[in-house]
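One point on numbering: in the working numbering, the residue at position 248 of the sequence shown is 1694, and numbering is uninterrupted. From the three backbone atoms N, C-alpha and C, an ideal C-beta is built for every residue, glycine too. Below is one structure, written out as structure tokens; comments come after it.
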Amino acid sequence: MPEQAPKILGTGLVALDLVVSADPDSPVRSWAGGTCGNVLSILAWLGWDAYPIARLNDDAAAVRVKADFKRWGVHLDLADCGPAANTPIIVQQIKASSSGGSTHRFSWSCLRCGGWLPSFKPITRHVVDQVVPYIPETSVYFFDRVSRGALDLATQASEGGAVVMFEPSGRGDEKLFKEALGLAHIVKYADQRMADLAASDGSGNLRLEIQTLGSEGLRFRLPRNRRNPGWRTLNSAPAPDVRDSCGSGDWCTAGILSKLASRGVETLDAASVTSVTTALKFGQELAAWNCAFEGARGGMYAQSQAVAVRPDLFLPAASHAATQHVNNSPAADLVSCPRCEAA
């Protein structure tokens, strides 16, 4: 009997990414995105059973997000929890830099009318009963935004033996944020956004704290390691071809989880310092590899020959190469915002 695949439940930012290339002749790509959407898609690509918990409705953006999720084997059982909300849309614009590399910026403005695109709406506590049957045998519960519903699910997942990982991009509600930190076994955050977190002592649940340092790499600490609970630093992995760094943090997260949490908190607790370091380096390798492609998960859509640039990572891209898809429509025709639809 084949070994059961690890399972991850995740909630937070699930969006439609519109990727505008630095090459003006390249078509705009539309892919499932957002931190949570990317992490779960990558883990599905790596062989996990991934279940996003979201409030997707039947708008055009949701249809595209769901189609992309299906392409990579992401399960949609919990993707349209109520109450339904407009699907967040994020425009990523990549531009060539004067140094010969590239830069990217994000926009939440409609490419057609300039109006605001739909933003993130968190799950509510009403989804808990719908999600609870999926918690048994869950290896990881991931979230990147705080809400009462997300924290209630984190509590239940933790009680079931799952690793709870919290990757905040901001604080939001301060009370809920502190509660999230207290529930998490793994916390990962960027130094330029939340550097002050490094000064905290962490909670009794915390096993691994990761502070990313951009191109300088990352540092981490293991609060339960009595011999050396202090910070350790890892330099970034070399990225020979840098076309776009967007999404590299999500690849790093997925790589870490794939190595440290395949059987829940039991696997994490059994990990040695060497095992943790190896997992972090694997995540960094994935992040560096991702820089060779445009878009947060561009490498997943590349032809197998291009993906094989790092065969030692054993990436499963060849089986998916035939499913590559781009939208050849002009950027303004890719999606309609609520303001355009009302006009």
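- If you check the CB distance, histidine 1550 and cysteine 1737 do not come in under 8 angstroms.
- Within the stretch 1584 to 1639, the complete beta strand (DSSP E) runs of at least 3 residues fall at 1586 to 1589, 1609 to 1612, 1632 to 1636.
- Closest by C-alpha distance to leucine 1706, out of Thr1699, Ala1700, Leu1714, is Leu1714.
- For threonine 1723, the closest C-alpha among the options Asn1503, Tyr1747, Arg1678 is that of Arg1678.
- Isoleucine 1569 has its alpha-carbon roughly 27 angstroms from the corresponding atom of glutamine 1638.
- Between serine 1548 and arginine 1709, the beta carbon gap of about 39 angstroms keeps them out of contact (Cβ cut-off 8 angstroms).
- Per DSSP, the continuous alpha helix (DSSP H) segment holding isoleucine 1702 begins and ends at 1694 to 1706.
- Within a 10 Å sphere around the beta-carbon of glycine 1456 sit 16 or more other beta-carbons, which makes this residue buried.
- Taken through DSSP and simplified to helix, strand or coil, proline 1579 comes out as helix.
- Taken in chain order, the complete beta strand (DSSP E) segments of 3 or more residues contained in the stretch 1458 to 1521 are 1461 to 1466, 1475 to 1479, 1495 to 1499.
- The three-state reading of DSSP puts phenylalanine 1666 in strand, counting E and B together.
- Glycine 1595 counts as buried, since at least 16 other C-beta atoms from the protein chains shown sit within 10 angstroms of its C-beta.
- The count of Cβ pairs closer than 8 angstroms, one atom from the stretch 1668 to 1683 and one from the stretch 1621 to 1640, stays below three, leaving the stretches out of contact.
- Measuring C-alpha to C-alpha distances from valine 1711 to each of Ser1593, Ala1700, Tyr1587 identifies Tyr1587 as the nearest.
- By the neighbour-count criterion, in which 16 or more other beta carbons inside 10 Å mark a residue as buried, alanine 1716 falls on the exposed side.
- In terms of Cβ geometry, valine 1578 and glutamine 1539 do not form a close pair [threshold 8 angstroms].
- Ranking Ala1542, Lys1453, Ala1490, Asp1523 by CA distance to the CA of proline 1470 puts Ala1542 first.
- Just measuring C-alpha positions, the residue of Ser1487, Gln1450, Pro1564, Glu1449 sitting nearest aspartate 1505 is Pro1564.
- No residue range can be given for leucine 1563, since it is assigned to no beta strand (DSSP E) and is classified by DSSP as neither H nor E.
- Under DSSP, histidine 1550 forms a beta bridge with Ile1540.
- Of the residues Arg1617, Glu1583, Gln1576, Gly1616, the one whose Cα lies closest to the Cα of aspartate 1598 is Gln1576.
- Where threonine 1720 is concerned, the enclosing alpha helix (DSSP H) starts and stops at 1719 to 1736.
- For alanine 1733, the CB contacts under 6 angstroms within the same chain, skipping 5 residues up- and downstream, are Ser1694, Trp1697, Cys1698 in chain order.
- In this structure, the beta-carbon distance from glycine 1561 to serine 1553 does not fall below 8 angstroms.
- Per DSSP, threonine 1533 is not a residue of any alpha helix (DSSP H), being assigned neither H nor E.
- Considering only Met1746, Asn1671, Gln1450, the residue with the shortest C-alpha distance to leucine 1652 is Asn1671.
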